[in-house]
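Chemist: Numbering (the numbering used here), first residue to last: 212 to 607.
Every residue gets a Cβ at the ideal spot worked out from N, C-alpha and C, and that includes glycine.
What follows is a structure written as structure tokens; I'll ask about it next.
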Ligand code: DI6
Ligand code: FE
């Protein structure tokens, strides 16, 4: 199939969106065969079935590279408590927070978990998302952690979307347990079981005062490294404990949140090729005021991705377009950085080389938009200009 008369944001250049004003794309099977200016289309493709896109904008399918969207229950009451003045940390220390979602998730069957997650997945798909990362971390026991990851895998069979899983056993310390004992008795055995069952594409952790110390995270990362699984980390969200530097020392795919990260952290991430995944939905929801060091990340050349962090506590958000808008308005990222952050750099944060840009040999995962200017994707609020989405060469 030949898609023509399109403006194509290829995301392939060293800077900018790599925009082709009058572009064409050739799709064969699940992949792109050719992408370029219409006038340069090789003759051998001139007999393809043609679709006139009437000047619409084509981007890579969007990638939400950080979500916790498999879980049960909600935390609307905590939202009200925060509005009345309680902090996220106070609620967590009082037995609310992550631990309350753990109770609801443990009580849920595999089919409850799937039924609860699918509407959130559908909201992402409706905005042109073709790849989503999903973490465990609301089980904190072996069976529930595995059930969450199996549910995440099942989503890719139920819907036209790629799922990448991250094992997040080191998300919170279960009630009345000691962190190190939890790691030894539950988290590390669960990690081994998840890897043995092919359920973990990456290993994540939460390095924070209310969660795990850098030394404790290092235990998890050492085991992940022995098992040959790449790591990523929730780091410097509420304080600076050295998580970003720890992640960089393991050549992590990404360090995520980073509100309290320093210039030296950014430098270490740049040297390691670790992507900064910025999560403005959590910053907004928790009404944080300390901004991630965007200037330092830029200056050191760290790739910046943007994601929803979709979770029931700190970011009950299922809109990548809104994450892009918040990236600009709250974090002062440019619209070009925001779109790069949900395509090319999001793919990099997941260790995926076959998507996130539009070029011959890449997957034919496309989002086609009714907009004139790519910056419109970032600037509008609560409006979805998606015209159609193609997943693996098939229009939805
Ligand atoms: N940081 C987050 O933003 C989420 N997890 C994490 O480690 C919050 C998860 C929750 O509050 O349920
Ligand atoms: Fe998160």
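1) Quickly, what does DSSP pair residue 277 with across the bridge? List them, please.
2) Please return the same chain residues whose Cβ sits closer than 8 Å to the Cβ of residue 544, not counting the five positions on each side in sequence.
3) Alpha carbon to alpha carbon, how far is residue 503 from residue 346? Give it in angstroms, no decimals.
4) Answer with buried or exposed for residue 241, where buried requires no fewer than 16 other C-beta atoms within 10 angstroms of its C-beta.
5) What three-state label does DSSP hand residue 322 in the structure shown?
6) What are the boundary residues of the beta strand (DSSP E) that residue 311 is part of?
7) Could you tell me the alpha carbon to alpha carbon distance between residue 213 and residue 605, rounded to whole angstroms?
8) Between 449, 406, 484, 426, which lies nearest to residue 420 when the distance is taken from Cα to Cα?
9) Flag residue 491 as yes when its Cβ comes closer than 7 Å to any non-hydrogen atom of ligand 1, and as no otherwise.
10) Per the contact definition of three or more C-beta pairs closer than 8 Å, is the region 281-301 in contact with the region 248-266?
11) Taking only the alpha-carbon atoms, compute the straight-line gap between residue 586 and residue 216 and give it to the nearest angstrom.
12) Just tell me which of 331, 351, 270, 426 has its CA closest to the CA of residue 366.
13) On the DSSP bridge assignment, give the partners of residue 168 in chain order.
14) Classify residue 377: buried if its beta carbon has 16 or more other beta carbons within 10 angstroms, exposed otherwise.
15) Whether or not the region 554-568 and the region 590-601 are in contact is what I'm after, with contact meaning three or more pairs of Cβ atoms, one per stretch, closer than 8 Å; do they touch?
16) Which residue marks the beginning of the alpha helix (DSSP H) containing residue 365, and which one marks its end?
Modeler: Quick look at the numbers:
1) BP columns for residue 277 are empty, so no partner.
2) Contacts found: 489, 505, 515, 517, 538, 552.
3) Between residue 346 and residue 503, the C-alpha separation is close to 22 Å.
4) With fewer than 16 other Cβ atoms within 10 Å, it is exposed.
5) Note: residue 322 maps to helix in three-state DSSP.
6) Secondary structure note for residue 311: it is in no beta strand (DSSP E), and the uninterrupted alpha helix (DSSP H) holding it is 309-317.
7) Between residue 213 and residue 605, the C-alpha separation is close to 13 Å.
8) Closest by alpha carbon: 449.
9) The answer is no for residue 491.
10) Contact between the region 248-266 and the region 281-301 is not established, with fewer than three Cβ pairs separated by less than 8 Å.
11) Taking the CA atoms as reference points, residue 586 sits about 20 Å from residue 216.
12) Closest in alpha carbon position to residue 366, among 331, 351, 270, 426, is 331.
13) The first residue shown for the chain is 212 and the last is 607, placing residue 168 beyond what the model contains.
14) Residue 377 is buried by the Cβ-count criterion.
15) Cβ pair count under 8 Å is below three, so no.
16) Segment 353-369, the alpha helix (DSSP H) holding residue 365.
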